Amino acid sequence: GQSLEQPSEVTAVEGAIVQINCTYQTSGFYGLSWYQQHDGGAPTFLSYNGLDGLEETGRFSSFLSRSDSYGYLLLQELQMKDSASYFCAAPGGATNKLIFGTGTLLAVQP
Amino acid sequence: DTEVTQTPKHLVMGMTNKKSLKCEQHMGHRAMYWYKQKAKKPPELMFVYSYEKLSINESVPSRFSPECPNSSLLNLHLHALQPEDSALYLCASSQGTGNGEKLFFGSGTQLSVL
Numbered sequence: 001g002q003s004l005e006q007p008s009e010v011t012a013v014e015g016a017i018v019q020i021n022c023t024y025q026t027s028g029f030y031g032l033s034w035y036q037q038h039d040g041g042a043p044t045f046l047s048y049n050g051l052d053g054l055e056e057t058g059r060f061s062s063f064l065s066r067s068d069s070y071g072y073l074l075l076q077e078l079q080m081k082d083s084a085s086y087f088c089a090a091p092g093g094a095t096n097k098l099i100f101g102t103g104t105l106l107a108v109q110p
Numbered sequence: 001d002t003e004v005t006q007t008p009k010h011l012v013m014g015m016t017n018k019k020s021l022k023c024e025q026h027m028g029h030r031a032m033y034w035y036k037q038k039a040k041k042p043p044e045l046m047f048v049y050s051y052e053k054l055s056i057n058e059s060v061p062s063r064f065s066p067e068c069p070n071s072s073l074l075n076l077h078l079h080a081l082q083p084e085d086s087a088l089y090l091c092a093s094s095q096g097t098g099n100g101e102k103l104f105f106g107s108g109t110q111l112s113v114l
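Going down the list, the sequences are from chains A and B.
Each step along the first sequence adds one to the number in my numbering, with nothing skipped, and position 19 is 19.
Each step along the second sequence adds one to the number in my numbering, with nothing skipped, and position 52 is 52.
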């Protein structure tokens, strides 16, 4: 089957660095995306890795290793506003449209 | 305009009611999606429209009926829903229709079925 597994919760303090992992099983693979969703809000796109390696976008970076079926989102200089749910996502399922990982709730503490 | 707009933001309906959710985007995107999201769960794909035609129905019960009147609008008609259908319904769009497209989401309609 198709699955993307993430830790359910992560807690960190302001100013710290946190890594959110995603391990996946999909029949084909077209790259890994990351979305952020604040409570009651819309998921918003953060980053995409089509190839192995690190992609950096400001305070956020994302990494992919296709040989390990693994990726992570790295958030640096954490701010309170980063408290949100984070989802990895990849095409999968019978329709090969975007399916989302189990989600990680990040709590940033003062 | 880089927004996907959904109305209403909140909806409470009885099991015998008929209601519609609306979604609009003016980014010229060619694909539009309906996702369902339960609390503390990831979004789950329901329907995909590509170039205004229904291309994917993820085995959604017939009490949910999508409609795409034009390239900017997407509706979800609701009839005879069950309490377990209570969820956040998210509309999204993407520029292309390929796999792994970047999705732009609306803020959703929080639906409660009594």
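For each residue, glycine too, the CB sits at the ideal point set by N, CA and C.
None of these values were measured; they are calculated from a predicted model.
At a cut-off of 8 Å between beta-carbon atoms, B:K102 makes contact with chain A. By the rule that beta-carbons nearer than 8 Å mark a contact, B:S107 touches chain A. Pairwise C-beta distances place the region 44 to 53 of chain A out of contact with the region 2 to 9 of chain A, as fewer than three of them are shorter than 8 Å. When the beta-carbon positions are compared, A:S85 and A:G58 stay at least 8 Å from each other. At the C-beta level, B:A31 and B:V48 come within 8 Å of one another. Annotation: A:G31 to B:T16 spans about 43 Å, alpha carbon to alpha carbon.
Scanning chain A for C-beta atoms nearer than 7 Å to the C-beta of B:P42 yields F87, F100, G101, T102 and G103, reported in chain order. Out of A:E14, A:F63 and A:C88, the CA that lies nearest to the CA of A:M80 is found in A:E14. Sorting B:Y51, B:E24, B:P42 and B:W34 by C-alpha distance to the C-alpha of A:F87 places B:P42 at the top. Taking a Cβ-Cβ cut-off of 9 Å, the neighbours of A:T44 in chain B comprise F104 and F105, given in sequence order.
Exposed is the label assigned to A:E9, since fewer than 16 other Cβ atoms lie within 10 Å of its Cβ.
B:A92 and B:E84 have their alpha carbons spaced roughly 22 Å apart.
The shortest CA-to-CA distance from B:K40 to any of B:P66, B:Q6, B:L88 and B:P61 is the one to B:L88. Taking a beta-carbon distance threshold of 8 Å, B:E58 counts as an interface residue toward chain A. In the three-state reduction of the DSSP assignment, A:M80 falls in the helix class. Chain-ordered, the chain B residues with CB closer than 9 Å to the CB of A:Y48 read G100 and K102. The Cβ atoms of A:A42 and B:S107 lie closer than 8 Å to each other. A buried status is given to A:K97, since no fewer than 16 other beta-carbon atoms sit within 10 Å of its beta-carbon.
Below 8 Å, enough C-beta pairs join the region 66 to 77 of chain B and the region 17 to 31 of chain B to call them touching: three or more. Spatial neighbours of A:S67 in its own chain (CB-CB distance under 8 Å, excluding positions within 5 residues in sequence) are listed in chain order as D52. The residue among A:L78, A:Q19, A:F45 and A:A107 with its C-alpha nearest the C-alpha of A:W34 is A:F45.
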